[in-house]
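Asker: This is the structure, below, for whatever I ask next.
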Amino acid sequence: MHYSFQDYPSSEQFPANLNSVSPNILPDDRSTQQSTPAPTQTMAKIFECAILFTLICPSKNKRGQTSWVAIRQPKGLKVKFNTRDVDDWDAFRHLIAEKCAIAYEAMYQLLEDSP
């Protein structure tokens, strides 16, 4: 808060103890005005993100028994994006799902449906 010290025109008259300040000290007009923060612009940055995953999927063998198979990302799978365009979790997840669908078509829906 900004104050206007009308009762104390010089530094010699200013009290050492602020608790003894006169109640005639009024808030300055600037303290009652709402200040709006200046809008900030996010700098564009190109971010490269490696995509690593291992999915464990059921698979039936020749005898009809279920076995579990590990599916990994293709070697070197990564995505580059502008951080200004991908600014929240849903946008990031969608971008990753699109990139993974290039290698595994079913991966897109799997990632889109995940929390």
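Following our numbering, the numbering of the sequence shown begins with 972 at its first residue and continues without gaps.
Glycine is no exception: its CB is placed at the ideal position from the N, C-alpha and C atoms.
Only a predicted model underlies this, so the values are computations on that prediction, with no experimental measurement involved.
1) List the residues that DSSP assigns as beta-bridge partners of E1069.
2) For Y1079, which residues of its own chain have a beta-carbon under 6 angstroms away from its beta-carbon, when the five flanking residues on both sides are left out?
3) Indicate the three-state DSSP secondary structure (helix, strand or coil) for E1019 in the structure shown.
4) Excluding the 5 residues flanking F1024 on each side, which residues of the same chain have their C-beta closer than 6 angstroms to its C-beta?
5) What are the partner residues of K1031, as DSSP defines its beta bridges?
6) Does K1051 pass the burial test, meaning 16 or more other C-beta atoms within 10 Å, or should it be called exposed?
7) Looking only at its own chain, which residues have a Cβ that is under 6 angstroms from the Cβ of S1038, when we skip the five neighbours before and after it?
8) Once you ignore the five residues that flank K1049 on each side, which residues in its own chain have a CB closer than 7 angstroms to its CB?
9) Does DSSP put R1064 in a helix, a strand or coil?
10) According to DSSP, is L1026 part of a helix, a strand, or is it coil?
11) Under 8 angstroms Cβ to Cβ from D1059, same chain only, skipping five residues before and after it: list those, please.
Answerer: In short:
1) DSSP lists no partner for E1069.
2) A1068 and A1072
3) strand
4) Q1044
5) T1037
6) exposed
7) S1030 and N1032
8) E1019, C1020, A1021 and I1022
9) helix
10) strand
11) none
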